[in-house]
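Line by line, the protein sequences give chains A and B.
Numbering follows this note's numbering, in which position 542 of the first sequence is assigned residue number 542; successive positions increment by one, without gaps.
Just add 641 to wherever you are in the second sequence, counting from 1, and you've got this note's numbering.
Ideal placement from N, C-alpha and C gives every residue a C-beta, glycine not left out.
Just so we're clear, the structure is a prediction, and the values are computed from it rather than from any experiment.
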Amino acid sequence: MTTFPLIAVLLPFVAAAAGLLLSRARRPSRRTASIGQAGEPDDRGAHRRAAWFAVLPTAASAVLAIALAWAPGFAYLADAAPGRPVGHTYGTIVTGGIPISLTLQADDLSAVLGVLVTLVALAVQVYSVGYLHDDPRYPSYSAFVSLFTSAMLLVVYAGDLLVLYVGWEIMGLCSYLLIGHWWEERANSRAAVKAFLVTRLGDVGFLFGLFTLGVAAGSFRVSDVLSRVPEMSTATLVTATMLLLAGVAGKSAQVPLHTWLPDAMAGPTPISALIHAATMVAAGIFIVARLFPAFLAARPTLDVLAVMAALGMLGAALAALAQDDLKRVLAYSTISQLAYMAGGLAAGSAKAAIFHLLTHGAFKALLFLCAGVVIHHIGSNLMSRMGGLRRSLPVTFAAMTVGFAALMGLPPASGFFSKDAVLAAMDGALAGGGLTDAAALLLYGCALATVAVTGAYATRAWLRTFFGESRAVVALPEPEPGTAHVIDVREGPPTMLVPVALLAVPALLLGFAGSVHVDLGVAAVGVALAVLGAGVVYAVWRSAPLADPARLLGPLRVPCERAFYVDTVYAAVFARPVLAMARLVVRTDDVVVDGAVRGSGQAARGLSGLLRLAQNGNVQLYVSGLLAGLLLIAVGAVMFT
Amino acid sequence: MMGWLPVTLLAVPLFGALLLLVAPAALRPALPLYGQAVSGLALVLAVVMVAAFDYGRTATPQYTVDLPWIPGLGLRFHLGVDGISLPLVALTALLTFLCFAYLGWGRGRGPGRLMRTRPRALVFTLLVLEVGMVGTFLALDLLLFFVFFEIVLIPMYFLIAVWGGKGRRGAATKFILYTLLGSVVMLVGLLFIWSQTDTLDIVALARAHGAGMSRGAQIVAFATVGLGLAVKTPMWPLHTWLPDAHTEAPTAGSVLLAGVLLKMGTYGFARIAIPVLPEGAVAAAPWLGALAVVGIVYGALACLAQRDLKRMIAYSSVGHMGFVLLGFATLTTVGVNGALFANVAHGLITGLLFFLAGSIKDRYGTADMPSLGGGMLATLPHLGAVLTFASIASLGLPGLAGFWGEMLALLGAFRPGDGLPRGLFLTYMVIGGLGAVLTAAYFLVMLSRVTHGRPSRPRPVLVGAGATAGAPGGPGESTALAAEAQAGDADALMGGQGGLTGNPGGPEGAFGGPVGGLGGPEGAFGGPAGGPDVPVGAWDVPEGGSGGAAGGSGGLEGRPGGLEGPGGEVGALGGGRGRPAVTGGFGGDEAGAGGGPPRDIRPYELVAWVPLIVLILLFGLWPGLLLSLTTPAVQTLLGALS
């Protein structure tokens, strides 16, 4: 059992290596399989091999993760006393200072998270077999997904902060590679670069936060750090946690580093489900929960987190209400829901936040996979091209209805319970907790408003996708990369529908898994608000089914659609000045720094040119000079003696 | 004990080089093999050294040889290896061997390969270079160190000046003058140390930890020695020789320059400047750190606006060496450990990057990113994938070798050594961290430009292949044309010389033709062997002198062929743009046996790259391999400081 975490991490890693190296080995030549023209017999074989490489190890990891969580009986969610971590230290790396210990272990929190990661990854791997069945680059795609799974499990099971950081960054790399999966399109490539850079910016802060904690504790081991939190000064803790927040904001797409996530939807939809909804973006929440004692001891950090979460959840929900692209709706919804979790953490309840993380992982992955089926069917991401799909896609319709119900927090779907837990925690924080009053009030107010807006945007997306007139004309003859490649007139293939159906179960029922205590008052307010939001949208939609209900935003609509112009501002404030500075540096380097070098060379040549005048081979000149010198010496000798 | 090992390690390449002078004719046909054999033997010795090393006492020099050399001056031939120099010796032997493999695997023919221009001189130069590089890392005597340090300059000068690109003269001159100037300053510093302590023995000096030198003397000595080393490293603002040298140097030169020569500067800090002059180091560390972080950010920004791939990688070295210097400046075990790790990692990663840049330049005839046009993952998927891997390693992704050194250097700056201002170093750490983000930025932007996007043409054809496509047009002309185009800039140089000495260029073409035919399996060749064609060859001579040196050589030399016949015109079109157009590809198809489609990664490239990739992964996944080696040595060298 103690080796399970290690094996769970290694299996997908080996699968990734095998997928990258072996699944193409027998292909005679890559050049015949140029882009867009695929589906040759070789490709089929390679794909099948890659699919096995992808699915089997992930399934094995899932079994191990479940075993790890089963033994303590999912203790994190139940109100049990924390158990002993199961794991092993596989050695220590000397650094000359604080050593790095290679510890992989599963405690209550990691065990639960591990199950979420492996199960969603498994669902996505199976789903991808169908979704990308004619993509020539499926082998590398599935290998990157495996690598991602391995990295995420490393984050989850790491017992050392620097080991965790390794997984943390490799996840970012996989995100980059997979967002850019359809790299023919420059926009996708840009989105991938943006995602990597924005998260990396946060990660630098994160690394410095780890330094601060590690140096203060004299160890990078999570257990040592947590046990020494009481001895640390408040200043150290506030600095460390604030720096960690930078990384959290980057990875979990929180304000102000959230702008990469909507663009990340350029990747294939299963990737959006796995990385950009269920798992990687949840890593930021996870790390706060993992180091929660340190955060609880740093009050100012919790206030900052509360404000970030409050702004993020409402702003992102409003932005989601105005998007036309179904995946971007879900992306902004993810930002908003992650902010919920962050709000739950700020309110002092890591348990509520993690509970919401789990249910969100299930229902958001479900929503994305359903969206994938829809997009696969229509050949477009845009809701203005969808409509009336409930008849042609009955399974997807049912599953997505469950997903939206969970997102809105309607009983008995899972989201109801977890959202209620988060709201109850915020309510409790208002009564007196770690937060200052203003922050708690702002957080709770925004959270309630967001519940209503969430109801509105979920209803809008649901209605515009599945109801009304069918607008699905024959789709574009050659769909762009970033959308599905084939237009199918039927429901998706079984490899896509089975994961969807299986994910619908936890999305619906996971709420009962935790120790259910529903705060009735808060729950009633939450459901009422959600229904209110949904009702308003429904009324607007009924009045004109073809028009977009987003028009009820009025003049706010355009700013919401552009996500309040944050991107534009960042481009003007950061991107362009950096590029201008880069050009300036190149010019300076040439003119000033190298100019000095060249100048010294020229100066030397100039001087030598002067000297050369004397060395011109003219004997008369030499003799005259000699005589003149002699004369001078003679005169000097006469005068000074 | 086993003192023969370092001596043999020096003797093998030295005698290998001398043998070339003694028996040139006998070795000529086997030159590619010969180079690989000699450098391979040196590599085997280095591996033996690694295997037989006593890992229990990495802090003390092993395999020591200590013989009187010039007794009158007290100079000794003192060699030895400890935990700091062992990885660098092995790295040097490995990179040299990989360069030979890259140049000579198979037959060693093709653009940028060994047999292209003056093969014997090239082998000779590289072997002498290896002697100097290995010797620098083995030397335990100040003047012996200096001698080896200087020996390196001369072969590198010729490497750039003879086998370089179009601006090679200027670059080579700048390189040698700049670094010589630095060395002279360093020599003054070394002699100053000698005058103060009366010994040149590095081991004794390091053990003394500056005893016997006043603080002022140490500062002066550190400043002079450090300045000399900083030129070599290079430290901002003494770096401007580097981009020029790298851009113009041939692939092997770039790889060794980045992989080994830069390390000689940083190694000097670890071997001489810091242990021998600890008080000087404390006084200079804040300055060193400041220049280091300026270098990190400055290098990254310079890369961001760079158009030329090789130049970009060269500037990235400035940034990476900034991390190394920052690690040294912290004067902590962690920081210096990080610096030494980053040193080796940079050698591996940037070596690989320069190999890649060289291959790209050979295929497309240019390293100018806008001209490359993007879509490399579609046209040359494996090459694009390796480029992605190397870039990601270079931007410091955890799990690959580039990360640990930078991380440890930053960690060192988080809590610098005693006597250093902590606030200042925290600032350096933050700036360094932002530099790491910028590093990621320029590498990703480069990848986006080069590997992503739609290829600007449906099917890429190698420079050589495009020119060969002219073959069916007019047998005579196009053969000469093909041969000349194959010849690339290197042969163009010969052409230029031919012009000077009055030799007609025709024989060149006649010689090149059959060579091309033989080279078919290499992928780049395949022009049907044809008869000599004196007129076209003669045409080519002046072109070769000027145009061949101009990088996009194939095209310039193809032009005369275009005047002669329609087929030639196709080829000229193909080569003329430095990267052949569709027409070239068509021609290649018609030619059948000719040009053929582009080869992705070729065997010789695979041979040279795979070891680097494996090591990058190995050190990335298990950094303890290197850190356990250096840690005791670093603790000893820092002595009282740590």
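Here's a check: name, in chain order, each residue in its chain whose Cβ is nearer than 6 Å to the Cβ of residue i, leaving out the five neighbours to either side.
i       : result
A/P477  : Reliability fails at A/P477, whose pLDDT of 46 lies under 50, so the model's placement of it is uncertain and the value that follows must be treated cautiously. Hits under 6 Å: none found.
A/L463  : W541
B/M1070 : L1051, A1054 and F1055
List, in chain order, every chain A residue whose beta-carbon is nearer than 9 Å to that of residue i.
i       : result
B/R809  : Per Cβ cutoff of 9 Å: no residues; B/R809 is ~17 Å from chain A at best.
B/S1269 : I93 and V94
B/L735  : By Cβ distance, chain A contributes nothing, its closest Cβ being about 22 Å from B/L735, past 9 Å.
B/L1049 : T95, G96 and G97
Please confirm if residue i has its CB atom under 7 Å from at least one CB of chain A.
i       : result
B/A813  : no
B/S1089 : yes
B/P1039 : yes
B/L1258 : no
B/A700  : no
B/Y1069 : no
B/P760  : no
B/L967  : no
B/L1052 : yes
B/V1275 : yes
For chain E, is any of its Cβ atoms less than 7 Å away from the one on residue i?
i      : result
B/P916 : No chain E appears in the structure shown, which is made up of the protein chains A and B.
Run through chain B and tell me which residues come within less than 7 Å of residue i, C-beta to C-beta.
i      : result
A/D594 : T881
A/S189 : S1089, H1093 and G1094
A/G180 : H1093
A/L245 : What A/L245 touches in chain B: nothing, since even the nearest Cβ is about 16 Å away.
Return the chain-ordered list of same chain residues with a C-beta closer than 8 Å to the C-beta of residue i, the five sequence neighbours on each side being excluded.
i      : result
B/V793 : L770, G773, M774, T777, L902 and M905
B/L650 : A683, L686, A687, M690, V730, A734, V775 and L779
B/T820 : L794, V872, K873 and W882
Give the interface partners of residue i over in chain B, defined as CB-CB distance under 8 Å, in chain order.
i      : result
A/E184 : G1016, A1019, H1093, G1094 and R1095
A/A540 : Contrary to the premise, residue 540 of chain A reads as Val rather than Ala in this sequence. Going along chain B, no residue has its Cβ under 8 Å from A/V540, so there is no contact; the nearest lies around 42 Å.
A/S392 : In chain order: nothing, as chain B lies at least about 33 Å away.
How would you list, in chain order, the residues of chain A whose beta-carbon sits under 7 Å from the beta-carbon of residue i?
i       : result
B/F1055 : F211 and V215
B/A1077 : V204
B/A1081 : F196, L197 and R200
B/P878  : V593
Taking C-beta pairs closer than 8 Å, name the residues in chain A that residue i reaches, listed in chain order.
i       : result
B/T973  : G96 and G97
B/I1033 : L173
B/T1272 : V94, T95 and G96
B/A943  : A582, V585, V586 and D589
Checking 7 Å against the spacing of the C-beta atoms, do residue i and residue j come in under that value?
i      : j      : result
A/A331 : A/L261 : yes
B/L897 : B/A933 : no
B/T888 : B/K951 : yes
B/A914 : B/F863 : yes
Between residue i and the rest of its own chain, which residues show a CB-CB distance below 7 Å, the 5 nearest in sequence each way excluded?
i       : result
B/D707  : R717 and H719
B/A1082 : L945
B/D1241 : L1021, P1022, H1023 and L1024
A/V307  : A439 and L442
If we cut at 7 Å on Cβ distances, does residue i have a partner in chain B?
i      : result
A/I170 : yes
A/Q602 : no
A/F196 : yes
A/V166 : yes
A/V238 : no
A/V155 : no
A/V225 : no
Kindly list, in the order they appear in chain B, the residues whose Cβ is closer than 9 Å to that of residue i.
i      : result
A/F416 : Those within 9 Å of A/F416 in chain B number zero; the least Cβ separation is about 39 Å.
Indicate whether the contact test is met: 3 or more Cβ pairs, each with one atom in the segment 798 to 818 of chain B and one in the segment 865 to 877 of chain B, closer than 8 Å. With the cut-off at 8 Å, the segment 798 to 818 of chain B and the segment 865 to 877 of chain B do not touch.
Is the number of C-beta pairs between the segment 342 to 350 of chain A and the segment 218 to 233 of chain A that are closer than 8 Å three or more? Verdict: no, contact absent.
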